[in-house]
Each structure stands twice: as structure tokens, then as C-alpha cells.
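Have a look at the structure below before the remarks.
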Amino acid sequence: MADQYAHDEARDEPFRTPVIRWEESPGGPVLTLLDQTRLPAEEVRLVCADVPALVRAIQTLAVRGAPLLGIAGAYGVALAAARGRDAEEAATLLERSRPTAVNLAYGVRLAADAWRASAGEGAERAAGAALAAARELHRRDAEASSAMAGHGLALLDELLPGGGGHRILTHCNTGALVSGGEGTAFAVALAAHRAGRLRGLWVDETRPLLQGARLTAYEAARNGLPYTLLTDNAAGSLFTAGEVDAVLIGADRIAADGSVANKVGSYPLAVLAKYHRVPFVVVAPTTTIDPGTADGASIVVEQRPGREVTEPPGALGEGLVVAPPGTRAYNPAFDVTPPELVTAIVTEEGVLSPVTGDGIAALCARSRQVTIS
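Quick note, in our numbering, the sequence shown goes up one by one and the last residue is 590.
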């Protein structure tokens with residue numbers, strides 16, 4: 218079944234269309250997504266009735282962001298099982314749809330394992346087990362988001378004493394659009410704002426798909442944060458002028474040594490922050506940590522289509538050609554920041570600083586104990 222669109226006209230808080238929701242329709246269960254490619258111009262829901270439709274939504278970035286991809290992947294397995302499709306095949310398709318974001322594979326495997334464990338009890342019970350696993354992951358991610366906001370704000374207050382307002386620079390989009398809750402790095406900025414300790418949020422445009430301009434600025438405006446948009450290559454001048462107190466970003470994968478893969482453009486910010494002695498903080502749930510990836514060099518970085526650079530979508534005009542025909546474009550979706558450039562990693566389990574392989578291993582062990590209990 219093809220993707221189906223429906224429009225929501227209301228623009229007031231909260232999102233009228235939930236970022237992700239399981240629904241029972243007359244034709245069977247569907248997964249409803251807020252199509253992030255259509256923001257900020259309009260809130261449109263994308264209805265996925267099968268896994269191929271969900272895979273397209275993931276690959277086109279209609280649904281994106283590490284924690285949300287994990288949730289979507291889990292619901293995708295449940296959707297296939299509930300509709301009588303091959304859940305194993307669905308899991309494979311979903312897991313391969315984007316290679317860098319480890320949360321996607323985590324969510325898919327979680328639901329698939331629940332489905333397998335109940336497969337001997339009948340198709341309906343197995344499908345129910347997969348859906349329960351997806352809903353539990355969704356709930357836990359919301360709780361993790363709240364915990365990270367608290368830990369992150371406490372860290373900022375510790376790193377930036379004096380009681381003045383924090384001036385935070387962020388990259389890409391890390392709010393409610395990528396999470397079961399209020400996000401990762403953006404949730405920390407939002408907590409600072411609510412506590413009266415956010416002087417300003419600097420929002421990188423995040424080329425070439427403008428997730429900062431289209432999505433982070435959108436979320437900042439909806440929540441009343443004081444924010445300013447800048448082109449990615451203007452960040453250096455802000456550091457030089459002493460206008461940045463801390464950099465907060467999310468992550469799509471954290472390797473066993475503490476290397477961080479995030480939206481391309483993150484690594485240059487880490488270098489600038491190190492030179493200017495500004496804290497560079499990564500905020501991500503423990504599900505983003507991949508102990509099976511040894512180091513940054515082992516992280517597979519997704520290469521996006523070159524036309525995203527030569528014919529950028531969104532605010533620059535659909536199909537607007539900005540380079541001569543035939544121009545080759547280098548368009549990695551992510552870059553990798555080594556652990557020595559990361560001041561701290563904030564998770565729902567607490568703050569890791571300094572960032573070391575031993576610290577990552579201890580954090581993963583603590584997370585497993587909490588999950589099991």
C-alpha cells in the first residue's frame with residue numbers, strides 16, 4: 218500500500234499530528250508519522266500501512282533522528298507481524314534502510330526478538346508481543362529524554378558557573394521531532410530555558426538539507442526559546458567573538474571508544490570548541506552506544522545522493538539548480554568526532570566525563586542492569 222497524506226492545519230503547541238503513532242484503521246493497523254520533509258511550511262501526516270512505505274519514509278528523512286528511528290523500526294516490525302507479513306524480512310529491510318544510526322537496528326531487533334520469543338504461541342500473540350516491545354521502547358525513550366534534560370542542565374551549570382544565562386550552539390535537530398519525548402540536546406536547551414538560564418540558542422542551518430533551519434528553529438519558535446539562525450560556516454566567527462558558552466549536539470552512533478557519529482558538520486564544531494576552550498557536549502540515550510563498533514574508523518558513514526547538494530530542497534526551492542549540470546557532489550550524512558574532543562556524553566544514566574573506552578563500557582553495563590531490573 219502506498220503512503221497516504223493528510224493535512225493538519227493547526228499550528229499551536231503541541232504538535233497536532235504526533236511525531237509517531239500506532240493507529241488501528243478500518244483497513245488494519247497503520248503507523249502515522251509527522252512528515253518532517255514538509256516542515257516548517259505545513260504539518261502533514263504520512264500514513265504507512267506496510268514496511269516498504271516506512272522504509273521510504275526513513276530513507277527520504279520523512280522520519281529521522283536516532284531515537285525516533287529506533288522507535289519507528291520497532292513499530293515497523295510490529296506492523297508487518299500484525300498484517301500477516303514476514304516479520305523477519307521486514308526486520309532485514311528496516312535494519313538496512315539507514316546504516317549509521319544504531320538506534321534503528323536496536324529498535325528493529327528488540328521488536329523482532331519479542332516476536333520470535335512468542336512465535337510458537339500463534340501469529341496474533343507474536344504480533345502483540347512485537348507491538349508491546351515497540352510501545353515499551355517508545356515509553357522508555359520519553360523517560361530517557363526527561364532524564365537527559367535534567368543531567369544536561371546540571372552539567373551546564375557546573376561547567377558554566379556564575380549564574381548567568383547560557384549561550385548554546387547546536388547543530389542539526391535534536392528535539393521532540395527525533396524522540397519519544399522532548400529530545401536529546403534540544404531537551405537540555407529547553408530545560409535551561411524553562412529554568413530561566415538560557416540566554417540564547419545559536420542554531421546552525423545544517424546544510425545541505427537544513428534540518429537546523431527547518432526543524433530546530435521551528436521547535437525553538439514553538440517553545441518560545443530565544444534563538445538565532447546562522448549559516449554553518451559562520452560558527453567560527455561566533456567562537457572568535459566569545460559568543461558561545463557551550464556546544465550541544467546529539468548522536469547517531471557512539472563507538473566503544475567514545476567516538477561520536479553525528480550530522481556532518483559536527484566535527485568542525487568540536488575542533489572550534491577545543492581551540493576556543495568551549496565545552497563540547499554530546500547528548501544521547503544509551504541505545505545510541507554501540508559496543509560492537511570499536512572506534513570511529515569502524516563507523517559506516519552513510520553517503521547521501523549528490524542532488525541534495527546540487528539541487529537542494531526545501532527553503533532554497535524545490536529542484537533549484539545551484540551547480541552546473543554534471544557536477545559531482547560529496548555528501549556524507551555524518552562525520553565522526555574523536556573522544557578527545559568531547560567534553561562529556563550525557564545519557565539518561567548520567568554524565569560521562571572524560572570520555573574513555575572504559576567509561577563507555579561501564580555506562581553500558583549500568584544501562585543493562587537498569588533495563589534488566
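By construction, the Cβ of each residue, glycine as well, lies at the ideal position given by its N, Cα and C atoms.
The shortest C-alpha to C-alpha distance from aspartate 330 to any of Asp474, Ala295, His383 is the one to Ala295. Bounds of the alpha helix (DSSP H) holding asparagine 320 are 319-335. With a cutoff of 8 Å on beta-carbon distance, valine 236 and alanine 393 are scored as near each other.
A residue is called buried once 16 or more other Cβ atoms fall within 10 Å of its Cβ, and valine 538, having fewer, is exposed. DSSP places glycine 574 within a helical segment (H, G or I) once states are collapsed to three. Annotated three-state conformation of alanine 561 is strand, per DSSP. Rounded to the nearest whole angstrom, the C-alpha separation of valine 325 and arginine 470 is 16 Å.
DSSP places histidine 383 in the uninterrupted beta strand (DSSP E) bounded by 383-387.
Under the three-state reduction of DSSP, glutamine 520 is assigned to strand.
Annotation: the continuous beta strand (DSSP E) that includes tyrosine 444 extends over 444-447. In this model, serine 570 and glycine 301 are separated by some 47 Å (Cα to Cα).
The Cβ atoms of serine 362 and glycine 397 sit closer than 8 Å to each other. A buried status is given to serine 483, since no fewer than 16 other beta-carbon atoms sit within 10 Å of its beta-carbon.
For glycine 567, the uninterrupted beta strand (DSSP E) run begins and ends at 567-569, by DSSP. In the structure shown, the three-state DSSP call for aspartate 374 is helix. In the three-state scheme derived from DSSP, where H, G and I count as helix and E and B as strand, glutamate 528 is classed as coil.
The beta carbons of threonine 503 and cysteine 581 sit closer together than 8 Å. The way I'd put it, the stretch 280-296 does touch the stretch 342-352; three or more beta-carbon pairs between them come closer than 8 Å. Serine 314 sits close to glutamine 276, with the two beta carbons spaced by under 8 Å. Using a 10 angstroms sphere on the CB of alanine 463, the tally of other CB atoms reaches 16 or more, which defines it as buried. Distance from leucine 446 to glutamate 422 at the Cβ level is roughly 7 Å; contact confirmed, criterion being Cβ atoms closer than 8 Å. In the three-state reduction of the DSSP assignment, alanine 472 falls in the strand class. Closest by C-alpha distance to valine 268, out of Leu370, Leu311, Ser242, is Leu311. Shown here, threonine 554 sits in a strand according to DSSP, grouped into three states.
Rounded to whole angstroms, the separation of the alpha carbons of alanine 468 and aspartate 303 is 31 Å.
Sixteen is the threshold: when 16 or more other Cβ atoms of the shown chains lie within 10 Å of the Cβ of serine 335, as they do, the residue is buried.
Alanine 291 sits close to leucine 327, with the two beta carbons spaced by under 8 Å. A check of alpha carbon separations from leucine 271 across Arg255, Ala283, Ala307 identifies Ala307 as the nearest.
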